[in-house]
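Engineer: Chains A and B, in that order, are what the protein sequence lines are. The first sequence lines up with residues 382 to 534 when you count with our numbering. The second sequence lines up with residues 382 to 534 when you count with our numbering.
There are 2 protein chains.
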Amino acid sequence: MLMPRHDTGRTPSRLEGRATWLVSRAYLRSSGLLGAGFETHGDGLRSYHYRLLAALEEWGPASQAELGRKTAIDRSDVTAALTELESRTLVERSVDPEHKRRKIVTITPAGVERLLELDKVIDGIQEEFLAPLTPAQRRQFIALVSRLVDAQH
Amino acid sequence: MLMPRHDTGRTPSRLEGRATWLVSRAYLRSSGLLGAGFETHGDGLRSYHYRLLAALEEWGPASQAELGRKTAIDRSDVTAALTELESRTLVERSVDPEHKRRKIVTITPAGVERLLELDKVIDGIQEEFLAPLTPAQRRQFIALVSRLVDAQH
DNA sequence: ATTAAGTGTTGGTCGTACCAACATACACAG
DNA sequence: CTGTGTATGTTGGTACGACCAACACTTAAT
Numbered sequence: 382m383l384m385p386r387h388d389t390g391r392t393p394s395r396l397e398g399r400a401t402w403l404v405s406r407a408y409l410r411s412s413g414l415l416g417a418g419f420e421t422h423g424d425g426l427r428s429y430h431y432r433l434l435a436a437l438e439e440w441g442p443a444s445q446a447e448l449g450r451k452t453a454i455d456r457s458d459v460t461a462a463l464t465e466l467e468s469r470t471l472v473e474r475s476v477d478p479e480h481k482r483r484k485i486v487t488i489t490p491a492g493v494e495r496l497l498e499l500d501k502v503i504d505g506i507q508e509e510f511l512a513p514l515t516p517a518q519r520r521q522f523i524a525l526v527s528r529l530v531d532a533q534h
Numbered sequence: 382m383l384m385p386r387h388d389t390g391r392t393p394s395r396l397e398g399r400a401t402w403l404v405s406r407a408y409l410r411s412s413g414l415l416g417a418g419f420e421t422h423g424d425g426l427r428s429y430h431y432r433l434l435a436a437l438e439e440w441g442p443a444s445q446a447e448l449g450r451k452t453a454i455d456r457s458d459v460t461a462a463l464t465e466l467e468s469r470t471l472v473e474r475s476v477d478p479e480h481k482r483r484k485i486v487t488i489t490p491a492g493v494e495r496l497l498e499l500d501k502v503i504d505g506i507q508e509e510f511l512a513p514l515t516p517a518q519r520r521q522f523i524a525l526v527s528r529l530v531d532a533q534h
C-alpha cells in the first residue's frame, strides 16, 4: 500500500449545507438508480423515451412540437427520441392530414405495455431512492421539492 | 396564428409526484441558476473549479489524486480543471519531492480571493433557489435532502 | 527482482439540455 | 393573390457533469 494519507472523502464544509449542492448530489443518486433500472429493464430506453410515452398515453396523440412543449423536451431531442421509439414500434408517426408539415404521434399497444412495465421499475426505484426517509418524511420531502420546482419566478 | 391547440405544458401525472422526477427538475433549476451565476461572475469557471478551490482552501495542499477523492471528481477531470485553474494562477502545481510522480496542488492568494467571491455569488443563488420556501421549510428541506444523500450504497 | 498498486494524463463515451439554421407548410394582412 | 410571419420537423452542432480505458511512470510490498 502506498501511504495511507487519510482521505476522508468528506465534502468541503462550504458545500455540505448548501441546497444547490445537496440537490446535485440527490440528482446524482437518483439518476444513477434510474440509469441502472433502465439499463436492466429498459431495452435501451432512457428518461426522454419514458416522458414521451407517458405524455402520449395520458393526453393521446399529439404533434411532435406539442409533445416537446408538454414534456419540456427540445424539438430536436423529441425527433431523435421518437425515431428510437418508432424503431421499436412503441409509437407511430403519421402526417397530419390538416397540416402536411405536422406529424401526429400515437402510442401503440406495445408502447403502452412497455410504459406500464417501466412504471413498475420506476416505482421500485422511488422506494429505493426514498429508503432513508420515513413515510411522513417522504411526503414532506415531496411537498417541499414540489414547491421549489413550481417556482415560476 | 396556427391552431391554438391548447398546450397546457403540464407534466404527465405519472411524473408529477415522483421523487426522482422532482429531484431532476430541482436540479435543473438549481444548475440553471448556478450556471447563470458562474457566467456573469465566474470568469469562465464552473462547479468543478469551485469544488477544487474549496477543498484546497479547507484542507490545504493535496495531490491531484487526493483532491479527486475528496471532491469526488474523476482524476482525469481533476487534471483538466486544475490546468484551467493554473492558467488563471488560482492554484500552483509542484512535484512532490517524496514522490516524483505526484504533484502537490496549492491554492494561491488569488485563488482564495476568487473562492471568496464565488462564495458570495453562490450564497445569493441559495437565496434565489430557496425563495419559494419559508425559513423553517428551508431547514426542513436541507435536513431531508441531507438524509437522502448520505445514504451509503 | 518481480509484482502490485498509486499517479497524472490523454482521449474517449454517455445523457440531459440547449441552440442555430434550414426547408417546408400554413395563416393572415393587405 | 401575394407577401410576410410564424409553426414544424430535422440536422448538426455545444456545454456540462460524470465516467472509463489505457498508458507511462513511480513507488511499495514480497
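Glycine is no exception: its CB is placed at the ideal position from the N, C-alpha and C atoms.
Ordered along the chain, which non-local residues of its own chain (more than five positions away) have a Cβ less than 7 Å from that of B:ALA435?
Structural biologist: LEU496
Engineer: Can you check which of these residues, A:ALA517, A:GLN507, A:THR470 and A:ILE503, is closest to A:ARG427 by C-alpha distance?
Structural biologist: Ranked by Cα distance from A:ARG427, the options A:ALA517, A:GLN507, A:THR470 and A:ILE503 are led by A:ILE503.
Engineer: Measuring alpha carbon to alpha carbon, tell me which of A:LEU499, A:LEU466 and A:ASP500 ends up nearest A:VAL486.
Structural biologist: A:LEU466
Engineer: Taking 8 Å as the threshold (beta carbon to beta carbon), is B:SER527 in contact with chain A?
Structural biologist: yes
Engineer: Take the Cβ of A:ARG399 as the centre, count every other Cβ of all protein chains shown within 10 Å, and call the residue buried at 16 or more, exposed below.
Structural biologist: By the neighbour-count criterion, in which 16 or more other beta carbons inside 10 Å mark a residue as buried, A:ARG399 falls on the buried side.
Engineer: Please state whether DSSP places A:ASP328 in a helix, a strand or coil.
Structural biologist: Any property of residue 328 of chain A remains undetermined from this structure, which presents chain A solely from 382 to 534.
Engineer: Since B:ASP455 is in the alpha helix (DSSP H), which residue starts that stretch and which ends it?
Structural biologist: Looking at the DSSP string, B:ASP455 is not in any alpha helix (DSSP H), and its letter there is neither H nor E.
Engineer: Thinking C-beta only, is A:LEU471 closer than 8 Å to A:LEU448?
Structural biologist: no
Engineer: Chain B partners of A:VAL530, CB-CB under 7 Å?
Structural biologist: Correct list: LEU403, ARG406, ALA407 and ARG410.
Engineer: Tell me which same chain residues have a C-beta within less than 8 Å of the C-beta of B:THR489, skipping the five on either side of it?
Structural biologist: THR470, LEU471, VAL472 and GLU473
Engineer: How far does the alpha helix (DSSP H) with B:THR508 in it reach, from first residue to last?
Structural biologist: It should be pointed out that residue 508 of chain B corresponds to Glu in this sequence rather than to Thr. 490-511 is the extent of the alpha helix (DSSP H) around B:GLU508.
Engineer: Tell me the DSSP secondary structure of B:GLU479 in three-state form.
Structural biologist: coil
Engineer: Considering only the alpha carbon of each residue, which of A:ALA517, A:ALA491 and A:ALA532 lies closest to B:GLU508?
Structural biologist: Among A:ALA517, A:ALA491 and A:ALA532, the Cα nearest to that of B:GLU508 belongs to A:ALA532.
Engineer: Tell me which residues share the same chain as A:LEU383 and place their Cβ nearer than 6 Å to its Cβ, disregarding the 5 neighbours each side in the sequence.
Structural biologist: Because A:LEU383 carries a pLDDT of 35, less than 50, the predicted location of this residue cannot be relied on, and the following value inherits that uncertainty. Nothing meets the Cβ criterion.
Engineer: Would you mind telling me which residues of chain B sit closer than 7 Å to A:GLY398, beta carbon to beta carbon, in chain order?
Structural biologist: ILE523
Engineer: If A:LEU529 sits next to B:LEU414, beta carbons under 8 Å apart, how far is it from one beta carbon to the other, in whole angstroms?
Structural biologist: With a Cβ gap of about 11 Å, A:LEU529 and B:LEU414 do not count as contacting.
Engineer: Report the rounded CA-to-CA distance for A:PRO393 versus B:ARG395, giving the unit in angstroms.
Structural biologist: 37 Å
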